[in-house]
Amino acid sequence: MSTTLSYSQPTCQLDVAAEFLPFSQKLRRAPVRSLHFTLAVAEKLSFEGNDRQLYQLKTLVNEYIEAFLSHHQTPTEVTIDSFVLRSRSPLEHELHLPDGRVVLLQLTELYDLVTVLDDWSAVMEPLPELVERAQSILAQIPIWAKSAAVAVGVVAAFTLVTQRWLMPPASMVVTSGEEPNLPPLAMPSPLPEPAETPQLAPLPSPPPAAPETSTLVPLPSPPEMPPPRIVPAPPPPPVAQKAPPPQPPDQNNVVVQAPADGAPAGIEPDPIITPLAETTPIPAITLREVKTYFQDRWRPPASLDTSLEYRIVLNPDGTLAQALPLNGAAVRFIDRTPIPLRESPLASPFGGDRPILLRLVLMPSGSVQVFGEN
Amino acid sequence: MASSLPIKAQIDLILLSLEALAQVGSAEILTLAEAMGFEAYLPDRVGLWRLRQSSPLRRGRHGRRKLDVDEARALALICSRLAQQHQQTIRTAIERWQQQTSQGRPPHLEPILGDYIDRFTSLYQERMADNSSDGSKLAQLALDLLVDLFFYSTPQGARRLWITLLERTTPAPPSLSLVEPEPVPASALELPTLFPPSDV
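Here's what the structure looks like:
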């Protein structure tokens, strides 16, 4: 299932098409793989790339800021693969892109770039935690339960096999009792033409990966690095930015787009999602307003050490329809959050006749993320 | 920013710049410390004053107080949270600085930046042992600290601040050093101890 996550700052917009693990929503975790991104900085830069390039860009920016802050030397220069950042002065920073373009970023533009990349990486970071949690959940299952599960599995398999062997004779007994001389097939001989088969096609396809812990480990996106020092740059990206694929004209305003390959229906059992299965474009301004609302009010409790995630259902008039906690901490801390009562205004009216779904992430650092959700 | 400074001196300078730019006083710092669960390190104004006085740049004879790692971490987290809370003020100052530079004008002629630099200079000269620094160097230090604060106000600002604090305790190649830390008596470092030095 793929979703476009949008991060915006006054001079910078990052849109990332991210892929969720099929069970990541069950575990209330974040997307784990970015597929493609579009980055726009002021009106001077528009850049597209794949997940590896986005990771390289994030690494570049992080290491550059660390190097720049460490000793305030000019020029500070950091190279990651074919991305380069070099300072001209504290207020001016050159960004060299792999395609040879050089963009001069003002300090505020660099700040906005850092912020959207921070926000994005905060969503991507839970991967190791996710693996750990899945493993710990497995580890918590007592041995007797595991043995029992294996035993049940064996019995079930045995029953299935036996039934398979026993069933055909049973049905034969029934049919053979009737008319042994009748022709074996009572069906009309002309079978339906394959023209009807396309009606079966739209069934939700099965999730791409089996929900096993082992499938998590070899994901291509490496987790957040430990603080210091340069990691060896990954090999050159397979996808260069030759001719960017044509974008639909309204993409900039659409925060969440329809999953490209159809969302499996079984992943989100939440009844609210069902009437919203069609893509509802979420105005960027609504997203910003909701983010501002929470940014102004979110004061993380000192004892909080994990992010709180909520699904926010927003009425077309901008009021809160519902807020659903998506993880355990979100339940425990809900009365410490600035989530208002139902029907309280969160954003200005955005029109339309159906509510929209947003994902709200309140972090212990005090930062806030809001993105659209389908 | 003066390079190769002990962490306690760096943190004191960050708080000084926040005080000069956004009028962050001890009451705001203590309230935040309590909200973040750090009241054990910063119980009251005297505790805060003692921690800040531990900077070797400070006047008086209090610079020898040890600052342990937990205290340093708590102060670093408080600094980055303060920067995040005053992010808009910091951004406005940076934007004005960019405007001034694009017009070829010095930053101190812009009222917000001029006030900030004036306040920073006077606070620095009032509290630091080395009050003979000339105004242009102090103005440069104030602007460097403004850039630092800007990045400490990013979502991962606390991590950036902590890394910067550690990096700046090691000598840099050519340095912008404005003030030298007070010389530490050699004998103090050579004292045998059961524990690794926790003074940061």
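Heads up: the protein sequence lines correspond to chains A and B, in order.
Going by the working numbering, the first sequence opens with residue 2, and the numbers climb by one from there.
Going by the working numbering, the second sequence opens with residue 23, and the numbers climb by one from there.
Built from N, CA and C at the ideal position, the CB exists for glycine as well.
Chain-order list of chain B residues neighbouring residue 91 (chain A): 165, 166 and 169, by C-beta distance under 8 Å.
Looking only at A:110, A:95 and A:312, the smallest Cα-Cα distance to residue 103 (chain A) is reached by A:95. DSSP, reduced to helix, strand and coil, places residue 49 (chain B) within a helical segment of the structure shown. Each of B:45, B:150, B:181 and B:172 was checked against the Cα of residue 78 (chain B), and the nearest Cα belongs to B:150. Neighbourhood of residue 177 (chain B) in chain A, by CB distance below 7 Å: 116, 119, 120, 123, 366 and 368, in chain order. Beta-bridge analysis with DSSP links residue 314 (chain A) to A:323 and A:358.
Residue-level contact check: residue 93 (chain B) does not touch chain A, since none of the beta carbons of chain A fall below 8 Å from its beta carbon.
For the pair residue 70 (chain A) and residue 79 (chain A), the CB atoms are not nearer than the 8 Å cut-off. Shown here for residue 66 (chain B): same chain residues with a beta carbon closer than 8 Å to its own, the five before and five after excluded, namely 52 in chain order.
The C-alpha of residue 323 (chain A) is placed about 6 Å away from the C-alpha of residue 313 (chain A). What residue 67 (chain A) touches in chain B, judged by beta-carbon distance under 9 Å, is 182, 185, 186 and 189, going in chain order. Between residue 107 (chain A) and residue 92 (chain A), the C-beta gap is smaller than 8 Å, which places the two residues in contact. At a Cβ-Cβ threshold of 8 Å, residue 362 (chain A) and residue 296 (chain A) do not count as neighbours. Under the 8 Å Cβ criterion, the segment 89–100 of chain B does not count as touching the segment 126–138 of chain B, having fewer than three qualifying pairs. Taking a Cβ-Cβ threshold of 9 Å, the residues of chain B close to residue 70 (chain A) are 23, 169, 170, 173, 174, 182, 183, 185, 186, 189 and 190, in chain order. A residue is called buried when at least 16 other Cβ atoms come within 10 angstroms of its Cβ; residue 62 (chain B) does not meet this threshold and is exposed.
Residue 76 (chain B) has its alpha-carbon roughly 7 Å from the corresponding atom of residue 88 (chain B). Under the criterion of beta carbons closer than 8 Å, residue 32 (chain B) and residue 163 (chain B) do not qualify as touching, at roughly 12 Å.
Interface criterion not met: the Cβ of residue 126 (chain B) is under 8 Å from no Cβ in chain A.
Per DSSP, residue 293 (chain A) is one residue of the alpha helix (DSSP H) stretching across 285–298.
Relative to residue 156 (chain B), the option among B:168, B:142 and B:167 whose CA is nearest is B:142. The C-beta of residue 136 (chain B) comes no closer than 8 Å to any C-beta of chain A. Excluding residues up to 5 positions away in sequence, 334 and 337 lie with their Cβ nearer than 8 Å to the Cβ of residue 302 (chain A) in the same chain. Exposure of residue 105 (chain A) is indicated by the presence of fewer than 16 other C-beta atoms within 10 angstroms of its C-beta. Neighbourhood of residue 58 (chain A) in chain B, by CB distance below 9 Å: empty, with the nearest CB roughly 15 Å away.
When Cβ-Cβ separations below 8 Å define contact, residue 348 (chain A) makes no contact with chain B.
At least one CB atom of chain A sits nearer than 8 Å to the CB of residue 116 (chain B). Cβ contact annotation for residue 351 (chain A) (same chain, cutoff 7 Å, sequence separation greater than five): 284, 287, 317 and 319, in chain order. Of the residues A:355, A:325 and A:360, the one whose Cα lies closest to the Cα of residue 289 (chain A) is A:360. Residue-level contact check: residue 112 (chain A) touches chain B, since one or more beta carbons of chain B fall below 8 Å from its beta carbon. For the segment 290–313 of chain A, the beta-carbon criterion of a distance under 9 Å to any beta-carbon of chain B is satisfied by 300, 301, 302, 303 and 304.
Within the segment 35–65 of chain B, those residues whose Cβ lies closer than 8 Å to any Cβ of chain A are, in chain order, 57, 58, 59 and 60. One finds 92, 107, 108 and 109 in chain A with Cβ atoms closer than 7 Å to the Cβ of residue 120 (chain B), taken in chain order.
Counting of Cβ neighbours within 10 angstroms places residue 343 (chain A) among the exposed residues, the total staying below 16.
Just measuring C-alpha positions, the residue of B:64, B:90, B:160 and B:133 sitting nearest residue 38 (chain B) is B:160.
In this structure, residue 116 (chain B) and residue 172 (chain B) form a Cβ contact; the two beta carbons are roughly 6 Å apart against a cut-off of 8 Å.
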